[in-house]
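S.K.: The structure that follows is given in the form of structure tokens.
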Amino acid sequence: MPKEDETLEDGRIWNVRDEKLHYQLPRFKDREEWLDRARYLRQHILICCGLWPTPERTPLNPRIFGRIEQDDYAVEKVYFESYPGFFVTGNLYTPLNGSPPFPGVLCPHGHWKYGRLEDSDRGSVPGRCINFAKQGHVAFSYDMVGYVDNFQIGHDFGSREGDALWGINLAGLQLWNSMRSIDFLQSLDKVDPKRIGCTGASGGGTQTFLLTAVDERISVAAPVCMVSAHYQGGCLCENPPNLRVETFNVEIAALAAPRPLLLVSATGDWTRDTPACEYPAIKRIYSLFNAEDRVKYAHFDAGHNYNKASREAVYAWFGKWLLGKEDEALFREKPFKVESHPKLLVFYGIPLPETQINPDTLRRRLISKATDILGDLKPKDFEGLKRFRDIIGAVYKHSLLSSQPKKGETEISVLDQLKIDEAQVRRLTLSRKGVGDGVPALEVETFDGEPVAGTLIIHEKGKGALLGLERGEVKSLVKELISLGQRVLLVDCFATSEYLKVEGILERGKNVRFFTTYNRTVTAERVQDILTGIAYLSDVTASGKINLIGLGEAGLWCLLARGLAEGVESMVVDVNGFNQDDEEEWLQRLFAPLMRRAGGLDTAIALTVPSRLFMHNTKEGFKPDFASKLYEALDASENLKVKRDEATETEIIKWIM
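Residue numbers (the working numbering): 9 to 665.
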């Protein structure tokens with residue numbers, strides 16, 4: 009018998025993405041194609057940041073105090089609650105000349121030593137705000153989480169391993185603070201709620217383009233020294249899990265279109281190629297709106313900065329679009345004197361208001377809110393099921409980031425064809441066109457006639473556990489199915505069987521920073537392989553009838569995949585006693601970011617109902633109550649079977665047939 013080919017041609021093994029690769033923006037044929045992509049990306053950002061559905065906008069309870077007036081502007085101390093008991097802290101700069109309402113400008117800061125109080129030649133946050141106020145804007149500079157006055161929560165929030173399961177991350181917390189900062193500005197009588205700008209440098213640039221991407225209340229933006237095709241940001245606050253799987257900062261920044269966008273760049277950092285690379289790519293998106301005049305770059309011979317020259321470029325851009333003034337001479341930076349730190353610090357000399365907020369209590373609150381949403385949306389009828397699928401199903405899809413290829417999008421390479429035990433066996437590599445994956449598979453059928461249906465079987469140990477080429481052995485489950493007219497496909501899911509010949513495959517990406525920000529997890533890759541197998545079987549099976557069987561741990565992968573699959577009539581899965589309430593179970597056996605926020609296996613079932621589902625080997629851990637009640641509510645109880653012990657082959661075949 010021939011040996012299995014030891015050469016794997018699956019690009020996923022070696023093509024690991026990270027924050028320092030060079031990415032290219034795809035070309036979009038027309039505005040509608042971009043708008044479809046933009047809708048997806050906006051939802052993707054919110055979901056990855058744990059902000060879908062949008063959290064309740066609870067009262068801000070703002071306090072503005074400590075007013076200091078200079079000749080032409082005033083500065084005050086501010087704090088308000090983005091979540092109950094969790095404070096956004098900063099300074100509010102307002103004009104003393106002119107007539108309100110004024111435009112509002114948000115000024116997030118980067119990872120400067122002194123945060124929003126940084127005042128150096130490289131960048132002065134107070135100087136920027138003072139000049140905005142002198143020019144006729146209300147400017148609000150606010151702290152990153154863990155900086156200056158924002159010390160309730162550290163800048164490592166969301167780094168606990170289990171946080172990713174719930175979509176709890178630092179980027180999401182800061183993005184929510186920015187969204188609530190818009191709420192704060194719009195609540196001020198002196199601010200025009202329809203004229204809100206945002207600008208920040210470095211990490212503040214990341215905050216700027218993320219906020220602009222998801223919140224259309226930002227009418228003009230200027231991310232400074234950040235938007236790059238070959239560096240995406242090096243801090244936890246810029247890298248929530250799943251965010252940049254198949255996207256990157258240039259595409260995210262382009263979500264500003266057609267609103268005015270200024271890209272400020274420098275020769276001495278990762279934005280050095282902006283005039284030739286990032287700007288032309290984003291300008292192509294603006295051209296789809298006939299709005300090329302609304303995107304511009306300003307490039308300076310400097311290091312990583314938000315210096316005077318960079319600030320003046322932003323003043324002129326905001327002056328044009330927020331104040332309606334074209335003369336750039338009006339926006340030369342005027343001399344300024346920054347107040348001493350005690351006069352700007354919010355909690356200098358006054359105590360922090362007593363709240364129960366610390367990292368653990370905030371984490372528990374966010375998990376509780378996510379759990380409440382799942383409970384409130386739990387479907388009890390077809391109408392409720394549709395709503396659940398629309399809202400929670402979206403989180404589920406963005407958790408796994410896998411999809412079933414459309415008809416004709418799969419292809420195979422036939423490596424060998426042989427006869428074993430009256431079975432016709434083809435050894436294949438299964439791929440998606442243009443993707444670069446290559447999944448080892450075996451296709452098995454009899455020699456007699458066209459199969460009546462196709463059955464995909466996934467075993468935790470791979471295809472060799474069901475058909476041994478070297479031994480010339482077809483296991484009884486496969487043999488029985490093909491004798492009943494089934495075409496059987498056996499697939500080695502990612503990081504099983506043949507993949508294990510690759511040294512370190514299970515440690516892939518271990519030393520890559522923010523691996524899950526840029527790459528799918530092993531669980532997601534396995535789900536994708538199952539979906540690719542289903543699509544191939546659908547293409548080659550004339551009847552279109554497809555079944556799915558998951559054995560051992562692979563039963564869990566199959567159940568997750570079924571939530572995204574189309575055309576599967578019957579499924580049998582070994583759930584192997586999986587306990588959905590045990591965080592370690594998810595981390596060790598079935599890790600995918602956001603999956604607990606997405607409702608886990610219960611949501612997979614909700615996306616499957618009312619198709620035929622046989623779950624067995626539930627043991628003590630797996631609770632089938634959700635499935636039983638849902639199938640009953642939809643009058644489909646005959647399509648659900650649950651067994652505490654492991655099913656026999658006879659029971660599996662009977663359910664499938």
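Positions of the beta carbon are idealized from the N, C-alpha and C atoms, including for glycine.
Here the structure is a predicted model, which means the values were calculated and not measured.
Could you have a look at V452 and say whether DSSP puts it in helix, strand or coil?
M.R.: For the purposes of this step, residue 452 is identified with residue 444 of the sequence shown, where counting begins at 1. Note: V452 maps to strand in three-state DSSP.
S.K.: Is it right to say D18 is buried, meaning 16 or more other beta carbons lie within 10 angstroms of its own, or is it exposed?
M.R.: Along the sequence shown, one-based indexing puts residue 18 at 10. D18 is buried by the Cβ-count criterion.
S.K.: Would you mind working out which of A284, E254, A321 sits nearest A337, comparing C-alpha positions?
M.R.: Looking up residue 337 in the sequence shown gives position 329. Per the Cα distances, A321.
S.K.: Write down the C-beta distance between E300 and Y323 rounded to the nearest angstrom, noting that I regard them as a contact closer than 8 Å.
M.R.: Position 292 of the sequence shown holds residue 300. Position 315 of the sequence shown holds residue 323. In fact, because the Cβ distance is near 22 Å, the residues do not count as touching under 8 Å.
S.K.: Note down, in chain order, each residue of its chain lying with its Cβ closer than 7 Å to the Cβ of D335, except the 5 sequence neighbours on either side.
M.R.: In the sequence shown, residue 335 corresponds to position 327, counting from 1. Same-chain partners within the cutoff: there are none.
S.K.: Please work out which residues of its chain come closer than 7 Å, Cβ to Cβ, to K388, disregarding the five sequence neighbours upstream and downstream, and give them in chain order.
M.R.: Here residue 388 refers to the residue found at position 380 of the sequence shown. So the qualifying residues of the chain are A641.
S.K.: Just how far apart, CA to CA, sit V482 and P632?
M.R.: Working through the sequence shown from its first residue, we reach residue 482 at position 474. Working through the sequence shown from its first residue, we reach residue 632 at position 624. About 33 Å.
S.K.: Return the chain-ordered list of same chain residues with a C-beta closer than 7 Å to the C-beta of D537, the five sequence neighbours on each side being excluded.
M.R.: If you number the sequence shown from 1, residue 537 lands on position 529. Result list for D537: V447, V499, C501, F502, in chain order.
S.K.: Would you identify the three-state DSSP class for E12, choosing helix, strand or coil?
M.R.: Counted from its first residue, the sequence shown places residue 12 at position 4. Note on E12: pLDDT 45, under 50, position unreliable in the model; no value is reported.
S.K.: Short of 8 Å in beta carbon distance, which residues of its chain neighbour Q194, apart from the five on each side in sequence? Order them along the chain.
M.R.: Within the sequence shown, the letter at position 186 stands for residue 194. So the qualifying residues of the chain are G112, P201, I204, R225.
S.K.: Taking the DSSP output, what are the residues bridged to D582?
M.R.: Indexing the sequence shown from 1 puts residue 582 at position 574. Paired residue(s): H624.
S.K.: F140: which of M187, F192, C206, A289 sits nearest, CA to CA?
M.R.: On the sequence shown, residue 140 is found 132 positions in, with the first residue counted as 1. Closest by alpha carbon: C206.
S.K.: With DSSP as the reference, identify every bridge partner of N99, one or two as the case may be.
M.R.: Reading the sequence shown from its first residue, position 91 is the one you call residue 99. Looking at the DSSP assignment, N99 forms a beta bridge with K85, S149.
S.K.: CB-CB under 7 Å to G135, same chain, minus the five flanking residues each way: which ones, in chain order?
M.R.: Here residue 135 refers to the residue found at position 127 when the sequence shown is read from its first residue. Here the set comprises D127, F344, V346.
S.K.: With a cut-off of 8 Å on the beta carbons, I'd call G170 and L595 a contact; round off their distance for me.
M.R.: In the sequence shown, the residue the question calls residue 170 occupies position 162. In the sequence shown, the residue the question calls residue 595 occupies position 587. About 6 Å separates the two Cβ atoms, so the contact holds.
S.K.: Secondary structure at L426, three-state DSSP: helix, strand or coil?
M.R.: Within the sequence shown, the letter at position 418 stands for residue 426. Correct three-state label for L426: strand.
S.K.: Short check: CB of S407 to CB of A606, under 9 Å?
M.R.: The residue given as residue 407 occupies position 399 in the sequence shown. The residue given as residue 606 occupies position 598 in the sequence shown. Cβ atoms of S407 and A606: closer than 9 Å.
S.K.: Does the beta-carbon of F390 have 16 or more other beta-carbons within 10 angstroms, so that it is buried, or is it exposed?
M.R.: Here residue 390 refers to the residue found at position 382 of the sequence shown. Its Cβ having fewer than 16 others within 10 Å, F390 is exposed.
S.K.: Going straight from the alpha carbon of L196 to that of D80, what length do you get?
M.R.: Numbered from its first residue, the sequence shown carries residue 196 at position 188. Numbered from its first residue, the sequence shown carries residue 80 at position 72. Straight-line Cα distance between these residues: approximately 19 Å.
S.K.: Which class does R521 belong to by DSSP, given the choice of helix, strand or coil?
M.R.: Translated into positions along the sequence shown, residue 521 becomes position 513. Note: R521 maps to coil in three-state DSSP.
S.K.: Answer with buried or exposed for P10, where buried requires no fewer than 16 other C-beta atoms within 10 angstroms of its C-beta.
M.R.: To locate residue 10, count along the sequence shown from 1; it is residue 2. The predicted model places P10 with a pLDDT of 39, which falls under 50 and marks its position as unreliable; any figure quoted below should be read in that light. So P10 ends up on the exposed side.
S.K.: Could you check what DSSP says for I664 in three-state terms: helix, strand or coil?
M.R.: Numbered from its first residue, the sequence shown carries residue 664 at position 656. In the structure shown, I664 sits in a helix (DSSP, three-state: H, G or I).
S.K.: So is E41 buried or exposed if we call it buried at 16+ other beta carbons inside 10 Å?
M.R.: Residue numbering aside, residue 41 sits at position 33 when the sequence shown is read from its first letter. Result: exposed.
S.K.: Taking the continuous alpha helix (DSSP H) assigned at Y287, which residues delimit it?
M.R.: Taking the first residue of the sequence shown as 1, we reach residue 287 at position 279. First-last of the alpha helix (DSSP H) with Y287: 286–295.
S.K.: Could you give the residue range of the beta strand (DSSP E) that holds Y305?
M.R.: Position 297 of the sequence shown, counted from the start, is the residue given in the question as residue 305. Residues 303–311.
S.K.: If we call anything under 9 Å between Cβ atoms a contact, is Q240 one with K28?
M.R.: Taking the first residue of the sequence shown as 1, we reach residue 240 at position 232. Taking the first residue of the sequence shown as 1, we reach residue 28 at position 20. Result yes, Cβ atoms of Q240 and K28 sit closer than 9 Å.
S.K.: If I follow the unbroken beta strand (DSSP E) through C206, where does it start and stop?
M.R.: Start at 1 with the first residue of the sequence shown, and residue 206 comes out as number 198. C206 -> beta strand (DSSP E) spans 199–209.
S.K.: Could you tell me the alpha carbon to alpha carbon distance between Q588 and L598, rounded to whole angstroms?
M.R.: As a working mapping, residue 588 is identified with position 580 in the sequence shown. As a working mapping, residue 598 is identified with position 590 in the sequence shown. If you take the alpha carbons of Q588 and L598, they lie about 10 Å apart.
S.K.: Quick check: the segment 428–448 against the segment 613–631, are at least 3 beta-carbon pairs closer than 8 Å?
M.R.: The answer is no - the segment 428–448 does not touch the segment 613–631, with fewer than three Cβ pairs under 8 Å.
S.K.: Going by DSSP in three states, N257 sits in which element: helix, strand or coil?
M.R.: Against the sequence shown, residue 257 aligns to sequence position 249. Looking at N257 - three-state DSSP - the assignment turns out to be helix.
S.K.: With a cut-off of 8 Å on the beta carbons, I'd call H312 and C233 a contact; round off their distance for me.
M.R.: Counted from its first residue, the sequence shown places residue 312 at position 304. Counted from its first residue, the sequence shown places residue 233 at position 225. Rounded, the Cβ-Cβ distance is 5 Å, consistent with contact.
S.K.: Taking contact to mean 3 or more Cβ pairs, one atom from each stretch, closer than 8 Å, check whether the segment 605–624 and the segment 650–663 are in contact.
M.R.: The answer is yes - the segment 650–663 touches the segment 605–624, with three or more Cβ pairs under 8 Å.
S.K.: Using 8 Å as the threshold, is the segment 458–470 in touch with the segment 555–573, meaning 3 or more CB pairs across them?
M.R.: Counting Cβ pairs under 8 Å, three or more are found: they touch.
S.K.: Of the choices H145, G512, S186, L648, whose alpha-carbon is the least far from that of F339?
M.R.: Start at 1 with the first residue of the sequence shown, and residue 339 comes out as number 331. Comparing Cα-Cα distances from F339 to each of H145, G512, S186, L648, the minimum goes to H145.
S.K.: Given that a residue counts as buried once 16 or more other Cβ atoms are within 10 Å of its Cβ, and exposed if not, what is H30?
M.R.: Taking the sequence shown and counting its residues from 1, the one referred to as residue 30 is at position 22. Result: exposed.
S.K.: Going by DSSP in three states, A274 sits in which element: helix, strand or coil?
M.R.: As a working mapping, residue 274 is identified with position 266 in the sequence shown. Reduced to three states, the DSSP call for A274 is strand.
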